[in-house]
Amino acid sequence: MVEVLFERPDFNKLRGKFVCDMHIHSKYTDGWNTPREMLGVAREKGIFIAITDHNSIRAARELKDEQDVIFGIEAHSREGPHFLLYFSSFGELENFYNACIKPNKSRDPISRLKLGIERLIKLAKSYGAVVAVAHPTGPLWFNLAKKTNSNVLSKLDALEVISGLQSRNIDKKALKLAYEYSLGMIGGSDAHSKADVGRVVTYSDASTIDEFLHDIKNKKTSVVGTEVSLSKRPRQIIKTFRAHIKHTIRHTLGKK
72 MVEVLFERPD FNKLRGKFVC DMHIHSKYTD GWNTPREMLG VAREKGIFIA ITDHNSIRAA
132 RELKDEQDVI FGIEAHSREG PHFLLYFSSF GELENFYNAC IKPNKSRDPI SRLKLGIERL
192 IKLAKSYGAV VAVAHPTGPL WFNLAKKTNS NVLSKLDALE VISGLQSRNI DKKALKLAYE
252 YSLGMIGGSD AHSKADVGRV VTYSDASTID EFLHDIKNKK TSVVGTEVSL SKRPRQIIKT
312 FRAHIKHTIR HTLGKK
């Protein structure tokens, strides 16, 4: 039975399931830890992670030989909403990135792409991606519902219905939107530090990555997790914003 639970994941109860934190960032964009540090925490909890750095596959490339990683990217549409795109292999992600993301980056590499929402969805699907939207009912430019229409929403595979850095009210709106359009449901911590890995996870009865991605498309995944507390959220956002600025300056100056 598919369910969405706003509570801390009990990894003992989830044993035997395919469990993945679907929204992870590393120091290569606006996170604070290395990809391997993030993966190390996931392994301690017995779960997979999806590497979804902003408009970047550097972290995914670093982990390309690992068996407990789903390869993805958080792509920023021209209109503002962020798309979580997942691939069966690093090779598929790399081909998509080289053909579609890299040529459409702006001067700030983790800002908006030159690709509009509909074009981004079409291209991602043509490369075999599972197409979801990160924090789809979030504030400002993140809010997908305010930026598009029902025809576009119907082309998606899933919505992120629990996002670790959003409020409970915002996540419940995302859950309602997923039900309204009969979309698959995923959840992710939106972890920018290793301390938050596994805060929110998506799970199903799949045995392999391909089966799990198939389950997302077929609305067979469940989500469990909790958001970062209100008292800690401003500090998280400020630290993430600083990392974003640092990354942008480093890139502009031509530093790795």
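The opening position of the sequence shown corresponds to residue 72 in this note's numbering, with each subsequent residue numbered one higher.
Backbone N, C-alpha and C fix where the C-beta goes; we use that ideal spot for every residue, glycine too.
Note down the Cα distance separating residue 130 from residue 82, rounded to an integer number of angstroms. 25 Å
Please work out which residues of its chain come closer than 7 Å, Cβ to Cβ, to residue 105, disregarding the five sequence neighbours upstream and downstream, and give them in chain order. 97, 98
Roughly how many whole angstroms lie between the Cα atoms of residue 142 and residue 282? 14 Å
In its own chain, which residues sit with a C-beta less than 7 Å from the C-beta of residue 147, not counting the 5 before and 5 after it? 125, 126, 153, 182, 183, 184
Count the other CB atoms within 10 Å of the CB of residue 177; is the residue buried (16 or more) or exposed (fewer)? exposed
With burial defined as no fewer than 16 other Cβ atoms inside 10 Å of the residue's Cβ, what is the status of residue 298: buried or exposed? Label assigned to residue 298: buried.
For residue 248, which residues from the same chain have a beta carbon less than 7 Å from its beta carbon, with the 5 sequence-adjacent residues on both sides left out? 207, 208, 216, 230
Should residue 150 and residue 122 be called a contact, given that it needs their Cβ atoms to be closer than 8 Å? no
Applying the 10 Å Cβ sphere with the 16-neighbour rule, what's the burial state of residue 270? buried
For the beta strand (DSSP E) that contains residue 233, what are its first and last residues? 229-234
Whose CA, out of 111, 120, 175, lies closest to the CA of residue 261? 120
Nearest-angstrom Cα separation, counted from residue 242 out to residue 211: 15 Å
Determine, using beta carbons only, whether residue 118 and residue 90 come nearer to each other than 8 Å. yes
How far does the alpha helix (DSSP H) with residue 161 in it reach, from first residue to last? Secondary structure note for residue 161: its alpha helix (DSSP H) is the uninterrupted segment 161-167.
Roughly how far, in whole angstroms, is the beta-carbon of residue 113 from the beta-carbon of residue 268, given that I think they are within contact range, below 8 Å? 5 Å
Is residue 288 closer than 8 Å to residue 201 when the C-beta atoms are compared? yes
Using DSSP with H/G/I as helix, E/B as strand and the rest coil, what is residue 119? strand
Looking at the secondary structure, which residues open and close the beta strand (DSSP E) in which residue 96 lies? Element bounds for residue 96: n/a, residue is neither H nor E.
Are the CB atoms of residue 276 and residue 88 nearer to each other than 8 Å? yes
Quick one: what's got a C-beta closer than 6 Å to residue 102's C-beta in the same chain, skipping five residues either side? The beta carbon of residue 102 lies closer than 6 Å to those of 96, 263 in the same chain, with the five residues before and after it left out.
In chain order, what residues of the same chain have a beta carbon less than 6 Å from the beta carbon of residue 293, not counting five sequence neighbours either side? 73, 74, 274
Of the residues 284, 290, 272, 278, which one's Cα is nearest the Cα of residue 76? 272
Evaluate residue 115 with the Cβ neighbour count: other Cβ atoms within 10 Å of its Cβ, from every protein chain shown; 16 or more gives buried, anything less gives exposed. exposed
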